[in-house]
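Remarks on the structure that follows.
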Amino acid sequence: MSPNEMMEKHVLISTCAMNQHALDFKGNYERIRSTIITAKQNNSKIRVGSELEITGYSCQDHFYEGIPALRLYPSKTFF
Numbered sequence: 001m002s003p004n005e006m007m008e009k010h011v012l013i014s015t016c017a018m019n020q021h022a023l024d025f026k027g028n029y030e031r032i033r034s035t036i037i038t039a040k041q042n043n044s045k046i047r048v049g050s051e052l053e054i055t056g057y058s059c060q061d062h063f064y065e066g067i068p069a070l071r072l073y074p075s076k077t078f079f
């Protein structure tokens, strides 16, 4: 395959940002499955979801626990 032929190849990537719920494994699974089916119907070769989409947790859930904020505050390098 020549370099020009390689340049003409395309891959469709689907990104998914869903409204998941913490510990709702069945509901989260159904929403993930739905996006996989939609991605396949749109000829997508790769489907990308967010981290922790199965459990429904996000980084924000732990941010408000106070521990990360207490660790960052004394250093003031964050601000």
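Oh and the sequence shown: position 24 is 24 in UniProt numbering, straight run, nothing missing. By construction, the Cβ of each residue, glycine as well, lies at the ideal position given by its N, Cα and C atoms. Owing to the predicted nature of the structure, the values given are computational and were not obtained by experimental measurement.
Take the alpha-carbon of Phe25 and the one of Glu53: they are about 9 angstroms apart. Taking Met18 as reference, the option from Ile32, Lys9, Ile46 and Leu12 with the minimal CA-CA separation is Ile32.
Looking at Tyr57, Thr55, Ser34 and Asn43, the one whose alpha-carbon comes closest to that of Cys16 is Ser34. For His10, the closest alpha carbon among the candidates Ile46, Thr38, Ser50 and Glu30 is that of Ile46. If you draw a straight line from the Cα of Leu12 to the Cα of Leu23, it comes to about 31 angstroms. For Thr15, the enclosing beta strand (DSSP E) has its first and last residue at Ile13 to Thr15.
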